[in-house]
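**Student:** The structure follows.
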Ligand code: GLU
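Residue numbers (my numbering): 1 to 507.
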C-alpha cells in the first residue's frame, strides 16, 4: 500500500433521511479507519441540485452522532482538505476539468436531452442492450465549437473513453473485477449547469483528500471503472475499493434510496428508543462475519476485529427479530443505574403521554384498536416498573405495551358485576392497607390478614386482586405487583371501587 495513512470517508448525498445501508457504509468506513489508526471523514456530495434536501445534512450528522460514529473532519472543519461540501468546491472541479479539456481528454458536447433520447431509442430498437452516447460532438471542429459557444448553446463536458482498454482492479470484497472500455460510454464530467457529476467530483475529492480506501455499496460497482479511468488519466494513485453487498429489507424489496419506507431509516429506530449501541452492533453484522461465532460486541471490540476481511458477497437480510434480540441483550447489560439514566426512555414515555394523560389518537395501532386510556403514574413508580419489566423489553414500544398491559385504566377495567362478588375482600384490603409497611414482607403479611378475614383461598383470593390491578389474572407475584403499583395507587383503585359499589347499590 502506497498511501501513508489509512483514510476513509463516508460521502452521502444529502437527499433525505439516513438509510440503514448508508449507516452501514459509514460504520464500516469508520471501523476500518479506527482499526488501522487512520482518519475517517464525512463529505457531503451535494451536486445533484434536483435531489438535494439541505435539511438532511443536519439529520445525517445527528444520526451519525447518535450512532457513535465520530468523523475527524466534516462540514465546519477547517483543515488542509476542507471544505467538505462539494457545492463549495466548484472552482476546484473547474480547474481539473480545464486541465482535461486542454489535453483533449474531455470534449464539449452540445447535444440536447431530446437528441440524446432519440439516439438511445434508435439503438435500443436496433437491439443494442446497453445504449451509449454516439460521440457526435467528439468530431466537432474547433471552429464549430467556438461558434456554438458564442451562440451560448449550452454544453456539458464528456470524457473520451479510449477503445480497447481493460480496466482491472481487485475489489476488497468481490476480488478481481474486469471491465472493457467498449461497454463504457463517454460519460459527462461537468453538467450543463457547470456542476460536476458524481463520478468526476468523487475522484477529485478522494484524490485531494488522500482517501486510501473506499468502502461503499455495491450499487456503485459500475461507476468504479469510470473513476479508475479518471485516476489513470490524471496519473494519480487509485485507492482500494471495497463494494459492500446490498442490504435486503425483506426478500423482495432491496434497500433503495428512491423507494422510501420509514423502516429503512435510522431515525425510525432512534425514535422508537433502540439503543445506539444496538445499532452499532447490529449494522456491523450486516455484511460482515466475524472469525469466531459471536454476535454481541462493544464498539471497542468491533474496532479491534474489523480489518476489512470476511466481508460477504451475498446480500444481507435485515432482521428485526435479530435487532430486537441485540437490543434486549444491550438493555440487560446496563446496570439499574445506567438504565435509569437512559433519559430517552422517559422522554419517550412522556411523548406517549404515559406520564400524563394519554390521548387515544396519539400513537400505536394497538391502542387505537383497544381504545385504551392510561393511568397517570409518577416518575419514581414508572422507574420501578421499568426496572422490573426490563427483561421483557426489546424496544420502547415493547415497554409501552407492557406498561399499558399492567397499568391499564381503571375505568375500562373494573367490571362491577364481577367485583361486587368480592366486596368483603376489598373491604378487608381497605381496612389493612393504611397500617401496612409497603415492602414485600409488609405486603405479604397484609395479604395473609385479608385471607384470614375472608377465608378465601387460591384463585378465589388472588383473581379479584389481580383484577383490581390489571384485569389480567396473571403477572408477577401478587406482593411484587402490589409493591410496584404503590400503596397510593391501590388505595385509589379501592376508592374507585367503593364509589362504583355505591352507585351499583343505589341503582
Ligand atoms: N454520494 C454517493 C452516494 O451517496 C457516494 C458514493 C461513494 O461513496 O462513492 O451514494
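Glycine included, each C-beta is placed from N, C-alpha and C at the ideal position.
Are there 16 or more other CB atoms within 10 angstroms of the CB of residue 68, so buried, or fewer, so exposed?
**Tutor:** The residue is exposed, with fewer than 16 neighbouring Cβ atoms inside 10 Å.
**Student:** Please list the terminal residues of the continuous beta strand (DSSP E) segment that includes residue 159.
**Tutor:** Looking at the DSSP string, the run of the beta strand (DSSP E) that includes residue 159 is 156-159.
**Student:** Helix, strand or coil, according to DSSP, for residue 73 in the structure here?
**Tutor:** If DSSP states are grouped into helix, strand and coil, residue 73 belongs with the strands.
**Student:** If residue 119 and residue 189 are in contact, beta carbons under 8 Å, what's the gap, nearest whole angstrom?
**Tutor:** Between residue 189 and residue 119 the Cβ distance is about 19 Å, and since that is not below 8 Å, they are no contact.
**Student:** Just the C-alpha distance for residue 294 and residue 169, rounded to the nearest angstrom, thanks.
**Tutor:** Computed Cα separation, rounded: 32 Å.
**Student:** Under 8 Å between the Cβ atoms of residue 184 and residue 24?
**Tutor:** No. Outside cutoff.
**Student:** Grab me the residues of residue 328's own chain with a C-beta within less than 6 Å of its C-beta, minus the 5 sequence neighbours each way, in chain order.
**Tutor:** 394.
**Student:** Mind checking whether the beta-carbon of residue 225 lies closer than 7 Å to any heavy atom of the ligand GLU?
**Tutor:** Result no, Cβ not under 7 Å from the ligand GLU.
**Student:** Under the three-state reduction of DSSP, which class applies to residue 253: helix, strand or coil?
**Tutor:** For residue 253, the predicted structure reports a pLDDT of 47, less than 50, and the residue's modelled location is therefore unreliable. The matter cannot be settled from this model.
**Student:** Count the other CB atoms, across all protein chains shown, that sit within 10 Å of the CB of residue 488; report buried if there are 16 or more and exposed otherwise.
**Tutor:** The residue in question, residue 488, is exposed, as its Cβ has fewer than 16 Cβ neighbours within 10 Å.
**Student:** Can you give the Cα-Cα distance for residue 426 and residue 432, rounded to whole angstroms?
**Tutor:** Straight-line Cα distance between these residues: approximately 10 Å.
**Student:** Between which two residues does the beta strand (DSSP E) carrying residue 113 extend?
**Tutor:** Where residue 113 is concerned, there is no enclosing beta strand (DSSP E), although the alpha helix (DSSP H) it sits in stretches over 113-125.
**Student:** Is it the case that the Cβ atoms of residue 465 and residue 485 are separated by a distance below 8 Å?
**Tutor:** Result no, Cβ atoms of residue 465 and residue 485 do not sit closer than 8 Å.
**Student:** Which runs of the beta strand (DSSP E) at least 3 residues long sit entirely within the stretch 35-84? Give them in chain order.
**Tutor:** Runs found: 39-42.
**Student:** Thinking just about the alpha-carbon of each residue, which of 446, 308, 450 and 142 is nearest to the one in residue 31?
**Tutor:** Minimum Cα distance to residue 31 is reached at 308.
**Student:** How is the alpha helix (DSSP H) around residue 448 delimited, first residue to last?
**Tutor:** That run of the alpha helix (DSSP H) goes 440-454.
**Student:** When you compare the stretch 233-244 with the stretch 206-218, are there three or more beta-carbon pairs, one atom per stretch, that lie closer than 8 Å?
**Tutor:** Yes: the two stretches touch, three or more of their Cβ pairs being nearer than 8 Å.
**Student:** Tell me the DSSP bridge mates of residue 390?
**Tutor:** Bridge partners of residue 390: none, in fact.
**Student:** How many Å lie between residue 477 and residue 495 at the Cα?
**Tutor:** Roughly 23 Å between the two C-alpha positions.
**Student:** With a cut-off of 8 Å on the beta carbons, I'd call residue 111 and residue 136 a contact; round off their distance for me.
**Tutor:** About 6 Å; that satisfies the 8 Å criterion.
**Student:** Can you tell me whether residue 28 is buried or exposed, with buried defined as 16 or more other CB within 10 angstroms of its CB?
**Tutor:** The residue is buried, with at least 16 neighbouring Cβ atoms inside 10 Å.
**Student:** Have a look at the DSSP bridge pairing and note the partners of residue 170.
**Tutor:** Per DSSP, 176.
**Student:** Compare the C-alpha of residue 80 against each of 491, 207 and 46 and name the closest.
**Tutor:** Here the closest residue by C-alpha is 207.
**Student:** Starting from the Cα of residue 233, find the closest Cα among 286, 287 and 162 and give me that residue.
**Tutor:** Of the candidates 286, 287 and 162, the one whose C-alpha sits nearest the C-alpha of residue 233 is 162.
**Student:** Taking the alpha carbon of residue 249 as the point to measure from, which residue in 320, 5 and 34 has its own alpha carbon closest?
**Tutor:** Considering only alpha carbons, the answer is 320.
**Student:** Helix, strand or coil for residue 207? Go by DSSP, reduced to three states.
**Tutor:** Residue 207: helix per DSSP, three-state reduction.
**Student:** Under the three-state reduction of DSSP, which class applies to residue 21: helix, strand or coil?
**Tutor:** If DSSP states are grouped into helix, strand and coil, residue 21 belongs with the helices.
**Student:** When you measure from the CB of residue 12 to every non-hydrogen atom of the ligand GLU, does any distance come out below 7 Å?
**Tutor:** Yes, the ligand GLU has a heavy atom inside 7 Å of this Cβ.
**Student:** If residue 322 sits next to residue 282, beta carbons under 8 Å apart, how far is it from one beta carbon to the other, in whole angstroms?
**Tutor:** Sure, about 7 Å apart at Cβ, within 8 Å.
**Student:** Taking the beta carbon of residue 186 as the centre, do at least 16 other beta carbons fall within 10 Å, making it buried, or is it exposed?
**Tutor:** Burial call: buried.
**Student:** Residue range of the beta strand (DSSP E) that residue 108 falls in?
**Tutor:** Element bounds for residue 108: 106-109.
**Student:** Do residue 86 and residue 45 have their CB atoms nearer than 8 Å?
**Tutor:** Cβ distance < 8 Å, so residue 86 and residue 45 count as in contact.
**Student:** May I have the straight-line CA-CA distance separating residue 179 from residue 297, to the nearest angstrom?
**Tutor:** C-alpha separation (whole angstroms): 38 Å.
**Student:** Under the rule that 16 or more other beta-carbon atoms within 10 Å means buried, what is residue 8, buried or exposed?
**Tutor:** Under this definition residue 8 is a buried residue.
**Student:** Here's the rule: buried if 16 or more other CB atoms are within 10 angstroms of the residue's CB, otherwise exposed. What is residue 311?
**Tutor:** Per the 10 Å Cβ criterion, buried.
**Student:** With hydrogens ignored, establish whether the beta-carbon of residue 216 is closer than 7 Å to any heavy atom of the ligand GLU.
**Tutor:** Yes.
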